[in-house]
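Heads up: the sequence shown is residues -19 to -1, 1 to 591, going by mature numbering (1 follows the signal peptide of the UniProt record, and there is no 0).
Beta carbons are placed, not taken as given, at the ideal position from N, Cα and C, and that holds for glycine.
Below is one structure; the comments refer to it alone.
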Amino acid sequence: MRLSPLHVCIGAFASAAGATTVTDNAAFASNKTFDFVIVGAGLSGITVANKLSGQGHSVLLVEAGPDGSWNPAIWDVESSVYPAVFCNWRYPVYDDAGNKLNSTIDAGACIGGSTSINGMVWYRPTKAEIDKLETLGNPGWNWDNLEPYMKAIERNHPPTADQVAQGAGYDPEVHGYHGQVNTSFPTPMRIPKAVQLYKKGLPLVFTGLEVGNDLSSRTSVVSASTSWTIWNDPVTGKHVRSSAADALLWAPDQQRTTLTVLANHTVAKVTFDKDLQATGVLFASSLTRDAGKLYTVKARKSVILSAGTLATPAILERSGVGGASVLSAANVAQMIDLPGVGVNLNDQPGSTTYAHMSENHQNDTSLVDGGKLFGPEISLVNIDEIWATDAHGVAESLTSPANLASRAEELVRAGGAVSIAGAESILNATIQLTVEARLPVAEFIAETYPAVFGAPFWPLTPLSRGHVHIRSADPFEVPVITPRFLTDQFDQQVAVAVARLSRALWASTAFEGFVDDAYYDPEIGPNGTDAEYLAWLKGTAGPASHWIGSTAMMPRHLGGVVDSRLRVYGARNLRVVDAGILPFQLTSHTMSTLYAVAQKAAQLILEDCN
């Protein structure tokens, strides 16, 4: 449950005895020594801090953003706006030529990180893709080891009879019930009539797609209702966001004197001794943004970077850990040659098509409700369902050795991979899951908005790769983020095909009488060309905010940044624990996996330090 701001100490005042200290006063950390210093108070950082401090270790958790526990926008679902105004870095985006684009990237900029502003969608990946992590040289990173952590963190609230009647689907075997992160369905369910239309129509256009009960209960593809990281407050009747901070930091039963959280301070770099052992970090006030006034804090046992896929590489590079050319251009002395830092950047490029709703249905609240919870019905589709008559040809093209080599060469040329061997290794992992396991390659979300049906969608496991790097050692200069969305031909084919199928859905018999213009937006008609769709997609695609890959867990010679115990290659007592360690994209939204990764990481750290 949400803790009142009165119970969390902010500013210069320490919290009461027995409680966690949450402060923005640097004096609580400057020139002090903790067992562990963790950078970034998002999902991963908070989870690791919770587990380590719970074992009696002294932990400092440093967050560049503020403590937003006072702001309803980060816990009251109905008060939130999307994209978030509060607690959002809104990072700029660049193209291959270094030109700044008009779009921005949403990323959590407060305690709780992106779990304070994200879409809250909760479902698990498949066994096949988690097991694939192990085949990339990561012993112990498999489904049998990670799945128990997914259950351990979850406190699921099963749907009521009324919710089931309105479309909630549920498999009790794929949820946990005694964890800290609440998951549930809303009360009442969102747009139940629209969801039924989608469930009726989706199998008509995605051949073979089955409507299931639970997105987490699948070996491959499914269309099912969504659960979210929320709980319903029976006193107020409001839906409350269950962020990492709400679950593991602010909650009364998670308080401990061994944890100090320093908000509003940005880490400039990691400090090393002559043996390249991480000794602590230098940090500065995010409020004054004075990079000339740095504070020092030391770590007895380990420094752990959990600043996220987009920020952790920048801290490493400012610390002298990265590729020679990047560090030289930024005028940073190289400490460790690790060219995999900041490459292999990956996210899903999302767009939305719209159909105009018939006027006589526009005021039906079972079709359109203006609700803040995102995507009440989600479909995960593979190559068979997208290309019913040509899936074999698509698979042959994907598995062609010549095409794989060409893809790898292009990624290296564009700075998305360190070596051809490394690029082939990562690409092959996704291709094998696509072709052999027939895992989904696109996510299709059923939505409605005022006067329209909407279908947000994206290639689910893109082969395109980008990069994120610093331009200087200034901790307040944001890194250059170059996603390179839709630069791979297969990603383009998936996006174009799904865009077309969304129009076919609204023109189908399932939506007859509910849609009066299936081609409302974009204005590409029934005879539109692939080139027209691709131009529209490249002009509109934005990140799904499931960024991974920029500090990949894989062998160093293939471009890896951390080993299977999440230790940064070439350094001692330095780890990365966040989404950046995942080498390839998953077929689920990332929260369930990242909570598992962070819990496993904490266990590895405790084993090593003990």
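Proximity to residue i [Cα-Cα], best of the options
i           : options                   : result
A175        : S347, P320 and E405       : S347
P460        : T490, L575 and W70        : W70
I438        : S569, E424 and D125       : Checking the sequence, you will find Phe at residue 438 rather than Ile. Here the closest residue by C-alpha is E424.
V433        : G541, L587, S360 and Y335 : Y335
L286        : G261, T269, I359 and R394 : G261
V422        : P431, A402 and P443       : P443
Y500        : S400, D271, R484 and A402 : R484
residue 592 : G150, A149, N137 and D143 : Since the first and last residues shown for the chain are -19 and 591, residue 592 lies out of range.
Q584        : T370, G23, D5 and T28     : T28
E366        : P431, E191 and E428       : E191
L319        : L127, G189, T4 and V543   : V543
A427        : S360, S381 and D371       : S360
S50         : P153, D143 and A90        : A90
V62         : H38, N99, A78 and G37     : N99
W103        : T574, L82 and D589        : T574
A45         : N6, Q258, D152 and P564   : N6
M572        : L385, G23, A383 and K13   : G23
S34         : R548, T429 and V18        : V18
A149        : P106, L117 and S208       : S208
Delimiting residues of the alpha helix (DSSP H) encompassing residue i
i    : result
R136 : Premise fails: R136 lies in the beta strand (DSSP E), E135 to N137, not in any alpha helix (DSSP H).
P184 : P173 to V186
W528 : It is not in any alpha helix (DSSP H) - W528 carries neither H nor E in the DSSP assignment.
R394 : P382 to R394
A249 : Counting along the chain, A249 falls outside any alpha helix (DSSP H), though it belongs to the beta strand (DSSP E) covering H246 to F253.
T293 : T293 to R299
L587 : M572 to C590
A310 : A305 to A310
Contact belief for residue i with residue j at Cβ below 8 Å, rounded distance in angstroms
i    : j    : result
I562 : T532 : 6 Å
L441 : Q329 : 6 Å
S197 : V155 : 4 Å
L240 : L420 : Between L420 and L240 the Cβ distance is about 38 Å, and since that is not below 8 Å, they are no contact.
A288 : V20  : 5 Å
M101 : Y576 : Incorrect: roughly 13 Å between the Cβ atoms, too far for contact.
Y72  : L326 : Rounded, the Cβ-Cβ distance is 12 Å, inconsistent with contact.
L539 : S406 : 5 Å
K282 : D16  : 5 Å
Own chain partners of residue i with C-beta closer than 7 Å, once the 5 adjacent residues on each side are dropped
i    : result
R171 : D350, G352, L354 and P357
A314 : G301
L515 : Q473 and V477
V375 : I364 and W368
D455 : A272
D234 : none
F457 : T247, R270 and A272
E135 : H156, G157, G160, V162 and T164
L379 : I412, T415, V416 and F471
G189 : D365 and E366
Span of the beta strand (DSSP E), counted from its first residue to its last, around residue i
i    : result
V479 : V479 -> not in any beta strand (DSSP E); alpha helix (DSSP H) instead, spanning Q470 to W487.
K519 : Unbroken run through K519 is the alpha helix (DSSP H), D511 to T521; no beta strand (DSSP E).
I451 : Where I451 is concerned, there is no enclosing beta strand (DSSP E), given that its DSSP letter is neither H nor E.
T333 : P330 to M338
V20  : T14 to V20
T164 : V162 to T164
Own chain residues within Cβ distance below 6 Å of residue i, not counting five before or after
i      : result
S224   : G93, T96 and S97
G323   : P294, H448, V449, H450 and S531
L482   : V186
T168   : N213
H(-13) : Low confidence applies to H(-13): its pLDDT is 31, below 50, so where it sits in the model is not reliable enough to give any reading.
Q236   : A(-1) and T1
T333   : G435 and P437
N591   : none
E504   : none
F67    : N52 and A54
P120   : S545
Q144   : F166 and M170
S(-16) : Because S(-16) sits at a pLDDT of 34, beneath the cut-off of 50, its placement in the model cannot be relied upon, and the point is left open.
Residues of its chain near residue i, where Cβ-Cβ distance is below 8 Å and the 5 sequence neighbours each way are ignored
i     : result
A(-3) : Note on A(-3): pLDDT 41, under 50, position unreliable in the model; the coordinate value appears next. If we look at A(-3) and ignore the five residues flanking it on each side, its Cβ neighbours are T238.
I211  : V58, M101, N163, T164, S165, P167, H220, V221, R222, S223 and L354
N123  : I111, D112, L114 and E115
P184  : L190, E191, V192 and S204
Inset, instruction - Indicate whether the contact test is met: 3 or more Cβ pairs, each with one atom in the stretch 401 to 417 and one in the stretch 330 to 343, closer than 8 Å. - result: Under the Cβ criterion (8 Å, minimum of three pairs), the stretch 401 to 417 does not count as touching the stretch 330 to 343.
Inset, instruction - Could you say if the stretch 284 to 298 and the stretch 440 to 452 meet the contact criterion of at least three C-beta pairs nearer than 8 Å? - result: Contact between the stretch 284 to 298 and the stretch 440 to 452 is present: three or more C-beta pairs spanning the two stretches fall below 8 Å.
Inset, instruction - Count the CB pairs spanning the stretch 239 to 249 and the stretch 259 to 267 that are closer than 8 Å, and state whether there are at least three. - result: These segments touch.
Inset, instruction - Answer yes if the stretch 273 to 282 comes into contact with the stretch 304 to 314, meaning at least three C-beta pairs across the two stretches below 8 Å, and no otherwise. - result: As far as the Cβ criterion goes, the stretch 304 to 314 does not touch the stretch 273 to 282, which means the pair count is below three.
Legend entry - Any 3 or more C-beta pairs closer than 8 Å across the stretch 213 to 227 and the stretch 49 to 58: Segments in contact, yes.
Legend entry - Cβ pair count under 8 Å reaching 3, the stretch 482 to 494 against the stretch 460 to 469: At 8 Å Cβ cutoff, the stretches do not touch.
Inset, instruction - Evaluate contact between the stretch 79 to 86 and the stretch 550 to 559, counting only Cβ atoms and requiring at least three cross-stretch pairs below 8 Å. - result: Verdict: no, contact absent.
Inset, instruction - Tell me, please, whether the stretch 185 to 205 touches the stretch 499 to 513 by the rule of three or more beta-carbon pairs shorter than 8 Å. - result: Using a Cβ-Cβ distance cut-off of 8 Å, the stretch 185 to 205 and the stretch 499 to 513 are not in contact, since fewer than three pairs of beta carbons, one from each stretch, lie closer than that value.
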